[in-house]
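*Asks:*
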Amino acid sequence: MATQRLVFLLRRLPHLSREQFQHYWWNNHAPLVASRAEVLGIRRYQQVHTVQAARPDGPEVFDGIAELWFDGPAPSGTPEQRAQAGADLLADERNFIDLSRSPIWMADEHLMQERPHGGLRLTAALRRKEGVTRDFFLRRWHDDHGPLALRNNDVFGFGHYVQLHTPADAEEHPLRIRRGAPEPFDGVSEIWLDDVDPDPAHAAAVRAKVTADEDDFLDRERSVLWFSEVRVVVDRSA
């Protein structure tokens, strides 16, 4: 079974700048989550701070991503303590997150290529093409499209590459319902890029081939791409 990760794509409240949002998130909310990690059974919690859009003409990017793993030590709190900890976090989220515009769901991790990585991460929140089922989207993306890109890595320069797959029941997750969150994306791609310098003609031909493959399952106009910095807050993996 794939490892699961809580994915929370964040948009700031309208009166905050991105800088103000990220400052509060890191300096106020992060310590609050860390203080409740054992009670809630959080193994790892990281904040992914948006730096810039990867496609200036694309949809509005998110201001950050909260990512949490729960596949470690069992929660230490009683049901009542866990409920209170969750209520505390939600109350603080309302100080800086526009919950009505911030999708949240549990996603299945699929490691496509593992390499040492650092620096900025390219994140792509993906939506499937109209008329395509989520199951078809995920199979095409994982079995065909991802390997196609990796076979042409002299053009794309994928280093560390992870696909996050949205399960069929993501819309029914209690955290989404409690926050009144919008529908989740169908998947999230995480890539750390290596420097490449392909021949321009070869690169153009490869990119055209990969784009044609995307047309079978991906709605590019509704998919969001941006670069971010990963900041680890809690790591209880050891």
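Numbered per my numbering, the sequence shown spans residues 876 to 1113.
Heads up, the beta-carbon is just placed ideally off N, CA and C, and yes, glycines get one too.
Every value quoted in this text rests on a predicted model; they were computed, and no experiment measured them.
#1: Judging by CA-CA distance, which residue of Leu1039, Asn902, Ala1078 and Arg886 is the nearest neighbour of asparagine 1028?
#2: Report the option in Pro991, Ala928, His904 and Arg930 whose CA atom is closest to the CA atom of aspartate 963.
#3: Which whole-angstrom value describes the C-beta separation of valine 882 and glutamate 942, a residue pair presumed to lie in contact below a C-beta threshold of 8 Å?
#4: Kindly confirm or deny that the segment 1052-1066 and the segment 975-990 touch, where touching means at least three C-beta pairs closer than 8 Å.
#5: Compute the distance between the beta-carbons of tyrosine 920 and phenylalanine 971, then report whether it is under 8 Å.
#6: Residue range of the alpha helix (DSSP H) that arginine 1051 falls in?
#7: For glycine 1034, name the three-state secondary structure that DSSP assigns.
#8: Do the segment 1010-1021 and the segment 925-936 meet, that is, are 3 or more Cβ pairs less than 8 Å apart?
#9: Under the assumption that glutamine 895 contacts arginine 1106 (Cβ atoms under 8 Å), give the Cβ distance between them as a whole number of angstroms.
#10: Could you tell me the boundaries of the beta strand (DSSP E) in which valine 926 lies?
#11: How long is the line joining the alpha carbons of phenylalanine 945 and alanine 1076, rounded to whole angstroms?
#12: Mind checking who arginine 828 pairs with in its DSSP beta bridge?
#13: Report the rounded CA-to-CA distance for leucine 965 versus arginine 1051, giving the unit in angstroms.
*Replies:* The short version:
#1: One-based indexing of the sequence shown puts residue 1028 at position 153. Here the closest residue by C-alpha is Ala1078.
#2: Numbered from its first residue, the sequence shown carries residue 963 at position 88. Minimum Cα distance to aspartate 963 is reached at His904.
#3: Here residue 882 refers to the residue found at position 7 when the sequence shown is read from its first residue. Here residue 942 refers to the residue found at position 67 when the sequence shown is read from its first residue. Contact between valine 882 and glutamate 942 holds: their C-beta atoms lie close to 6 Å from each other, under 8 Å.
#4: They touch, by the three-pair rule.
#5: Within the sequence shown, the letter at position 45 stands for residue 920. Within the sequence shown, the letter at position 96 stands for residue 971. The Cβ atoms of tyrosine 920 and phenylalanine 971 lie no closer than 8 Å to each other.
#6: Translated into positions along the sequence shown, residue 1051 becomes position 176. Looking at the DSSP string, the run of the alpha helix (DSSP H) that includes arginine 1051 is 1049-1054.
#7: By one-based count along the sequence shown, residue 1034 stands at place 159. Note: glycine 1034 maps to strand in three-state DSSP.
#8: At 8 Å Cβ cutoff, the stretches do not touch.
#9: Walking along the sequence shown from the start, residue 895 turns up at place 20. Walking along the sequence shown from the start, residue 1106 turns up at place 231. So it is not a contact: roughly 17 Å between Cβ atoms.
#10: The sequence position of residue 926 within the sequence shown is 51, counting from 1. Where valine 926 is concerned, the enclosing beta strand (DSSP E) stretches over 919-928.
#11: As a working note, residue 945 is residue 70 in the sequence shown. As a working note, residue 1076 is residue 201 in the sequence shown. Taking the straight line joining both Cα atoms gives about 46 Å.
#12: In the structure as shown, the chain begins at 876 and stops at 1113. Residue 828 is therefore absent and cannot be evaluated.
#13: Here residue 965 corresponds to residue number 90 of the sequence shown, with the count starting at 1. Here residue 1051 corresponds to residue number 176 of the sequence shown, with the count starting at 1. One C-alpha to the other measures close to 12 Å.
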